[in-house]
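*Asks:*
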Amino acid sequence: MGIMAETKPAARPLSPHLQIYRPMLTMMMSIMHRITGGALYFGVLLLVWWLSAAAFSGSQFNQAQSVFGHWLGMIVLAGFTWALIHHTLGGIRHLIWDTGRGFDPGMIEWMARANLAGSIILTIALWVVAWGMLQ
Amino acid sequence: MTMRTPLGKVRGLGSAKSGAEHWLLERVVALANLPLNIFLVIFILGHLGADRAMVAASVGHPVVGALLAVSLIAILWHMKLGMRTIIEDYVHGPTAKFTLLLLNSAYTLILGVAAISAILTMSFAS
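Keeping their order, the protein sequence lines are chains E and F.
All residue numbers for the first sequence refer to the working numbering, where the first residue is 1 and numbers rise by one.
All residue numbers for the second sequence refer to the working numbering, where the first residue is 1 and numbers rise by one.
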């Protein structure tokens, strides 16, 4: 065998990963987009359960309703609401970027802040409306 | 119709055997999800504290039932595409990756069948 067989893995520096960077809002929002997406992936199970219970029987449906009406269930649903709105607004941000717009630093920062603030404000607004409808 | 050049079509078709269509499809389904999610939120708001008969009657309405079915298909499709990307990003062992991709398909398919079955049951019952 020639020289080629003697190659050892060189101790090269690896490409820098998350821990090397100073945390930034845009970076955190990117991570949150993926986390909320992953959470919604399992949260949809609740929606399908609710629909199936409604189709199945009155007692099944009442059971589902009592779980969602419990304070613990409502905390989960509030998280679901926030994740859905956060991911939807983040999705709009991505669709804007996909058209090639919104890449200047000021706009990127503004959209990240608007995404975060909008998700919190809309979640609270939705729950205030829901609470008002239930009273 | 295609918006891609012949070179663009074959570029990047390495070991994954596919290129931009997954990315494009994820965007198209995401776009569909925007109005459908708003419909879903309004539907749920409209049925807070509703009993089973009220929910079943609403779902039994052809337009509402159809919109619900389309919403769930679009959501589950987007979920399947998104989770595929997550799995491919973080799971590198061929067996683990294949198993998780299989579970991803099974999970979204089962939820889809359950949801459509529930919607159809209520549609035909009313």
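The beta-carbon is built from N, C-alpha and C at its ideal position, and this holds for glycine as well.
What you are looking at is a predicted structure, and each value in this text was computed from that prediction instead of being measured.
Hey, could you find the ends of the alpha helix (DSSP H) tyrosine 41(E) is sitting in?
*Replies:* Residues 25-56.
*Asks:* Using a 10 Å radius around the Cβ and a threshold of 16 neighbouring Cβ atoms, would you call valine 55(F) buried or exposed?
*Replies:* Label assigned to valine 55(F): buried.
*Asks:* Hey, how far is the Cα of isoleucine 124(E) from the Cα of histidine 87(E)?
*Replies:* In a straight line, the C-alpha of isoleucine 124(E) is about 16 Å away from that of histidine 87(E).
*Asks:* What are the boundary residues of the alpha helix (DSSP H) that includes tyrosine 90(F)?
*Replies:* Unbroken alpha helix (DSSP H) run through tyrosine 90(F): 62-90.
*Asks:* Could you check what DSSP says for threonine 121(F) in three-state terms: helix, strand or coil?
*Replies:* In this structure, threonine 121(F) counts as helix in the three-state DSSP scheme.
*Asks:* Measuring only the C-alpha atoms, how far is valine 129(E) from alanine 114(E)?
*Replies:* Their Cα atoms are separated by approximately 21 Å.
*Asks:* Decide if lysine 80(F) is buried, meaning its Cβ has at least 16 other Cβ atoms within 10 Å, or exposed.
*Replies:* Looking at its Cβ environment, which holds 16 or more other Cβ atoms inside 10 Å, lysine 80(F) is buried.
*Asks:* What does threonine 115(F) touch in chain E if you count any residue whose Cβ is under 7 Å from its own?
*Replies:* This sequence places alanine at residue 115(F); threonine is not what is there. Neighbours of alanine 115(F) on chain E, chain order: Val48, Leu51.
*Asks:* Strictly below 7 Å CB to CB, what residues from chain E border glycine 49(F)?
*Replies:* Result: Leu134.
*Asks:* Taking CB distances under 8 Å as the criterion, tell me whether threonine 88(E) reaches chain F.
*Replies:* Answer yes: the Cβ-Cβ gap between threonine 88(E) and chain F drops below 8 Å somewhere.
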